[in-house]
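Keeping their order, the protein sequence lines are chains E and U. Going from the first sequence to this note's numbering is simple: count from 1 and add 354. Going from the second sequence to this note's numbering is simple: count from 1 and add 37. Below is one structure, written out as structure tokens; comments come after it.
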Amino acid sequence: DAKTTQPTSMDCAEGRAANLPCNHSTISGNEYVYWYRQIHSQGPQYIIHGLKNNETNEMASLIITEDRKSSTLILPHATLRDTAVYYCIVMPWSNYQLIWGAGTKLIIKP
Amino acid sequence: NAGVTQTPKFRILKIGQSMTLQCTQDMNHNYMYWYRQDPGMGLKLIYYSVGAGITDKGEVPNGYNVSRSTTEDFPLRLELAAPSQTSVYFCASSFNRDLREREQFFGPGTRLTVL
């Protein structure tokens, strides 16, 4: 299974775009990139996922490089409520087991 | 919809006691999962189920048992509780119709302490 590497922590000013990087250099062609976040020990919350094309939904945008070895989650206008731990996960197509790393602790500052 | 509900929210057990963590979902999801999360760490999969009557081990199944008699319920049983089982337990469910719809929905968690 592909593993991911994320920075331990990041800061972002309120109202600015938060850009969270993730490296997944051993990703296979049929593996999806998923992003979840966890706010203050609550249950994790799904944000977005993608295979190779960029994706956007009401919460965020996901930019995946052409070689698929890295991706960036973009929160376009960060608010204080976006302070959370963000997890980048690569999921094999053949099973349903998410392999969770330690994630990136994102702190939004006023 | 209530989504995924878990009971209890908190529990303290003595070493050697047993208990069942309850999980119910009302979204008619076929897949359900149990995770544990230790402080400062990501989640680890304990058991999962792809449908009623079918369960399988995840990454850390030792010391736990599960059953899935209905689509809605997926209880997790701890036998002979040990301090190493002190953790926060999350239940999740998903509707895995195809690769585009595998996002998991999580419950609020059960915080368990074994003393």
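Backbone N, C-alpha and C fix where the C-beta goes; we use that ideal spot for every residue, glycine too. The structure presented is a predicted model; accordingly, all values stated were derived computationally and were not measured.
- With distances taken from CA atoms, which of E/Pro361, E/Gly397, E/Pro375, E/Gly404 is nearest E/Glu385? The residue labelled residue 385 of chain E in the question sits at position 31 within the first sequence. Comparing Cα positions, the closest option is E/Gly404.
- Query: When the Cα of E/Gly455 is compared with those of E/Ile462, E/Ile418, E/Val444, which residue comes out closest?
  - Reply: Here the question's residue 455 of chain E lines up with position 101 in the first sequence. The option with the nearest alpha carbon to E/Gly455 is E/Val444.
- Message: Looking at chain E, is there any beta carbon in it that lies within less than 8 Å of the beta carbon of U/Phe132?
- Response: As a working mapping, residue 132 of chain U is identified with position 95 in the second sequence. By this cut-off, U/Phe132 is not an interface position.
- Item | For E/Lys463 and U/Asn67, the rounded distance between their alpha carbons | The residue given as residue 67 of chain U occupies position 30 in the second sequence. The residue given as residue 463 of chain E occupies position 109 in the first sequence. Answer to the nearest angstrom: the Cα atoms are 40 Å apart.
- Query: Is the Cβ-Cβ distance between E/Ile428 and E/Ala414 less than 8 Å?
  - Reply: In the first sequence, the residue the question calls residue 428 of chain E occupies position 74. In the first sequence, the residue the question calls residue 414 of chain E occupies position 60. In contact: E/Ile428 and E/Ala414 (Cβ atoms closer than 8 Å).
- Item | Close Cβ partners of U/Leu117 (< 7 Å) along its chain, the five nearest in sequence each way excluded | One-based indexing of the second sequence puts residue 117 of chain U at position 80. Excluding positions up to five away in sequence, the list reads Gly53, Ser55.
- Message: Looking at U/Leu152: is its Cβ nearer than 8 Å to the Cβ of U/Ile49?
- Response: As a first step, residue 152 of chain U is located in the second sequence; it is residue number 115 there, counting from the start. As a first step, residue 49 of chain U is located in the second sequence; it is residue number 12 there, counting from the start. Against a cut-off of 8 Å, the Cβ pair of U/Ile49 and U/Leu152 comes out as a contact.
- Looking at C-alpha atoms only, which residue of E/Asn411, E/Val387, E/Glu368, E/Ala372 is the closest neighbour of E/His378? Counting from 1 along the first sequence, the entry for residue 378 of chain E is found at position 24. That would be E/Val387, whose Cα lies nearest to the Cα of E/His378.
- Could you spell out the range, first to last residue, of the beta strand (DSSP E) harbouring E/Arg391? Locating residue 391 of chain E in the first sequence gives position 37, where the first residue counts as 1. From DSSP, the beta strand (DSSP E) with E/Arg391 extends over 386–392.
- Task: Figure out for me which residue from U/Pro120, U/Ser86, U/Val125, U/Gln122 has the closest Cα to the Cα of U/Thr107.
- Result: For this step, residue 107 of chain U is matched to residue 70 along the second sequence. Considering only alpha carbons, the answer is U/Ser86.
- Message: Going by the DSSP bridge assignment, what does U/Asp93 pair with across the sheet?
- Response: Translated into positions along the second sequence, residue 93 of chain U becomes position 56. Looking at the DSSP assignment, U/Asp93 forms a beta bridge with U/Tyr85.
- Query: If you pair each beta-carbon of the segment 364–376 of chain E with each one of the segment 415–427 of chain E, do three or more pairs fall below 8 Å?
  - Reply: yes
- Message: I'd like to know whether the C-beta atoms of U/Tyr101 and U/Leu113 end up nearer to each other than 8 Å.
- Response: The residue labelled residue 101 of chain U in the question sits at position 64 within the second sequence. The residue labelled residue 113 of chain U in the question sits at position 76 within the second sequence. Contact: yes.
- Query: For U/Ile52, which beta-bridge partners are listed by DSSP?
  - Reply: Counting from one through the second sequence, the residue named residue 52 of chain U turns up at place 15. Note: U/Ile52 sits in no beta bridge, so no partner.
- Query: When DSSP labels each residue in this structure, what does E/Tyr405 get in the three-state scheme?
  - Reply: Numbered from 1 along the first sequence, position 51 holds the residue referred to as residue 405 of chain E. What sits at residue 405 of chain E in the sequence shown is Leu, not Tyr. E/Leu405: coil per DSSP, three-state reduction.
- At what residues does the beta strand (DSSP E) containing E/Asp365 begin and finish? Along the first sequence, read from residue 1 onward, the residue named residue 365 of chain E stands at position 11. Element bounds for E/Asp365: 363–367.
- For the beta strand (DSSP E) containing U/Phe111, list its first residue and its last residue. Against the second sequence, residue 111 of chain U aligns to sequence position 74. Premise fails: U/Phe111 is in no beta strand (DSSP E) and is neither H nor E.
- Query: What is the rounded straight-line gap between the Cα of E/Asp436 and the Cα of U/Thr61?
  - Reply: By 1-based counting over the first sequence, the position of residue 436 of chain E is 82. By 1-based counting over the second sequence, the position of residue 61 of chain U is 24. Going by the C-alpha atoms only, they are around 28 Å apart.
- Task: For E/Tyr441, go through chain U and note every residue whose CB falls closer than 7 Å to its CB, in chain order.
- Result: As a working note, residue 441 of chain E is residue 87 in the first sequence. Going along chain U in sequence order, the residues near E/Tyr441 (Cβ under 7 Å) are Gly79.
- Relative to the C-alpha of U/Val125, which residue among U/Gly40, U/Thr92, U/Pro45 is closest? Indexing the second sequence from 1 puts residue 125 of chain U at position 88. Of the candidates U/Gly40, U/Thr92, U/Pro45, the one whose C-alpha sits nearest the C-alpha of U/Val125 is U/Pro45.
- Query: Helix or strand or just coil, what does DSSP make of E/Ser379?
  - Reply: Counting from one through the first sequence, the residue named residue 379 of chain E turns up at place 25. It is coil, neither helix nor strand.
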